[in-house]
Amino acid sequence: VILKPDAVQRALIGEIIARYERLGLKLVGLKMMVPSADQIEQHYTLDPQWRRVTGEKTIASYKSRGLTPPSEDPLEITAKILKNLKGYMTAGPVIAMVWEGAHAVELVRKITGGTEPRGAAVGTIRGDFVVDSYIMADTDNRAVRNLIHGSGSVEEANMEIPHWFSEKELINYRVSREDVM
Ligand code: GDP
Ligand code: MG
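Quick note on numbering: the sequence shown equals residues 60 to 240 in this note's numbering.
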């Protein structure tokens, strides 16, 4: 999980961490940093399919609202998204975290909510705390301010964790509830 610069600026760090903590996941890594543009580009392209899939998703999202997408070429769309993400994610400090637990990736995604805050379900972090949409972001020529990055799959998490953390920055420890429950 990465708390993006808007989460830090809006003083939502504690609020968001509390959501994952109260779910019952265990925090095993945490750090604050201002990422470089290269670090962000590598992060989003660890999955070689990301450019194509995200571009196709954007085209579908425009069409489902009866709008004309900015381009019919998924890679052209993703190039712009990536440029905006690099600007957004390097604009200030972020908090990178690793949460451990059964179904951790799936449950983090569930309580984080959908990528576009406008459509994110009520009760999710993005749904409860953000007013933003692809249309607003595209109009302002910036990334969607959706507070959080969460790994999309276990495979993605397995690539992202070593991208952000060294082995010794991940802490192997027990909490008492693991013995009791
Ligand atoms: P996530 O895993 O829910 O964060 O979403 P993705 O991995 O699909 O996308 C990563 C980031 O790219 C998102 O957090 C958005 O900032 C941006 N993004 C993804 N899809 C779109 C889109 O359709 N339009 C725009 N403008 N930005 C997008
Ligand atoms: Mg993703």
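Don't be surprised by glycine CBs; every beta carbon is placed ideally from N, CA and C.
Runs of 3 residues minimum, wholly inside the segment 91-174: which ones carry the beta strand (DSSP E) assignment?
With a minimum length of 3 residues, the continuous beta strand (DSSP E) runs that stay inside the segment 91-174 are 153-159.
Any chance the segment 190-200 sits against the segment 166-176, with 3 or more Cβ pairs inside 8 Å?
Three or more Cβ pairs closer than 8 Å define a contact, and the segment 190-200 meets that threshold against the segment 166-176.
Check whether the segment 148-163 and the segment 83-93 touch, using three or more Cβ-Cβ pairs below 8 Å as the test.
Flag = yes, the segment 148-163 and the segment 83-93 touch.
Would you grab the beta carbon distance between V181 and M92 for me? Rounded to a whole angstrom, and I think it's under 8 Å.
32 Å between Cβ atoms; not a contact.
Going by CA-CA distance only, name the one from Y232, M218, G209 that's closest to I170.
Among Y232, M218, G209, the Cα nearest to that of I170 belongs to G209.
When we look at the beta-carbon of D132 and count the other beta-carbons within 10 Å, is it buried (16 or more) or exposed?
With fewer than 16 Cβ atoms within 10 Å of its Cβ, D132 is classed as exposed.
Nearest candidate by alpha-carbon position, reference A66, set S235, G151, T183
Here the closest residue by C-alpha is G151.
Three-state secondary structure (DSSP) of L89
L89 falls in the strand class under three-state DSSP.
Ligand 1 and S120: does the residue's C-beta get closer than 6 Å to at least one heavy atom of that ligand?
Yes, the Cβ of S120 comes within 6 Å of a heavy atom of ligand 1.
Hey, quick one: how far does the alpha helix (DSSP H) through S235 stretch, first residue to last?
235-239 is the span of the alpha helix (DSSP H), which, as asked, contains S235.
Would you mind working out which of I207, A138, S235, L71 sits nearest M148, comparing C-alpha positions?
Distance check between M148 and each of I207, A138, S235, L71 places I207 closest, using alpha-carbon atoms only.
Take P107 and list the residues in its own chain whose beta-carbon comes closer than 6 Å to its own, dropping the five residues that flank it on each side.
Closer than 6 Å at Cβ, skipping near neighbours: no residue.
Taking 6 Å as the cut-off, does the CB of G211 come closer than this to any heavy atom belonging to ligand 2?
G211: yes, Cβ under 6 Å from ligand 2.
Do I136 and G172 have their C-beta atoms closer together than 7 Å?
The answer is no: Cβ separation not under 7 Å.
Using the Cα positions of T104 and T183, report the straight-line distance between them to the nearest angstrom.
CA-CA distance, T104 to T183, rounds to 26 Å.
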